[in-house]
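> I'd like to ask some things about the structure below.
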Amino acid sequence: MAPLARPSWSYRVLRSHAGVASVAVGVASVAMGLTRPDWAIVSAVMVLQKGPDRISGSIRGLHRFLGSIAGVGLFAAVHAAQPGPVGVLLVLMVSQFFAEVFVPRNYALTCVATTPLALLLGDSLSDPLGSTVLSRLGEVAVGCGAAV
Numbered sequence: 021m022a023p024l025a026r027p028s029w030s031y032r033v034l035r036s037h038a039g040v041a042s043v044a045v046g047v048a049s050v051a052m053g054l055t056r057p058d059w060a061i062v063s064a065v066m067v068l069q070k071g072p073d074r075i076s077g078s079i080r081g082l083h084r085f086l087g088s089i090a091g092v093g094l095f096a097a098v099h100a101a102q103p104g105p106v107g108v109l110l111v112l113m114v115s116q117f118f119a120e121v122f123v124p125r126n127y128a129l130t131c132v133a134t135t136p137l138a139l140l141l142g143d144s145l146s147d148p149l150g151s152t153v154l155s156r157l158g159e160v161a162v163g164c165g166a167a168v
């Protein structure tokens with residue numbers, strides 16, 4: 021049997037569940053006026069990374085959504101505290117530690133730790149809190165909802 025040509029990148033991406041969901045939630049986030057469509061894309065891909073299994077995908081989507089809500093709440097507490105540079109560094113260190121500890125066991129707790137980590141690394145302390153919280157929750161809801 022002769023070897024077949026490798027499918028193109030676009031063929032492989034547009035025929036995968038994660039690829040289609042990524043494009044759909046990215047376009048939906050931009051159309052909704054959300055500021056970081058990459059959050060919706062990452063949420064969808066993380067839920068669909070093991071394939072379109074309805075039960076495990078639904079559980080993973082619920083973990084992602086609830087963990088992100090709690091993580092955004094934790095970020096809001098940090099934002100309200102207005103920590104200095106050393107305080108931000110300490111929050112980053114603790115968040116990274118708990119993300120590493122929880123990742124093999126509990127995805128929801130991992131999301132609680134990684135959400136403030138990502139928001140702090142993305143310099144969201146300088147943005148208004150209300151718009152940051154609403155935008156992140158909307159992006160995670162769009163991504164998880166489309167994936168599930």
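First residue of the sequence shown: 21, per the working numbering; consecutive thereafter. Just so it is clear, CB atoms sit at the ideal spot from N, CA and C, and this is done for glycine as well.
#1: Which class does T134 belong to by DSSP, given the choice of helix, strand or coil?
#2: Grouping DSSP H, G and I as helix and E and B as strand, with all else coil, what is T152?
#3: When we look at the beta-carbon of E159 and count the other beta-carbons within 10 Å, is it buried (16 or more) or exposed?
#4: Within 10 Å of its beta-carbon, does L173 have 16 or more other beta-carbons around it, so buried, or fewer, so exposed?
#5: Using 10 angstroms around the beta-carbon of P136, count the other beta-carbons present and answer buried if the total reaches 16, otherwise exposed.
#6: Below 8 Å on the Cβ atoms is my guess for G81 versus A167; work out the distance and round it to an integer in Å.
#7: Would a C-beta distance cut-off of 7 Å place S42 and V65 closer than the cut-off?
Reading it off the structure:
#1: Note: T134 maps to helix in three-state DSSP.
#2: Three-state result, T152: helix.
#3: By the 10 Å Cβ count, E159 comes out buried.
#4: Because residue 173 is not part of the residues shown, which for the chain are 21 to 168, the question remains open.
#5: That one is buried.
#6: Under the criterion of beta carbons closer than 8 Å, G81 and A167 qualify as touching, at roughly 6 Å.
#7: When the beta-carbon positions are compared, S42 and V65 come within less than 7 Å of each other.
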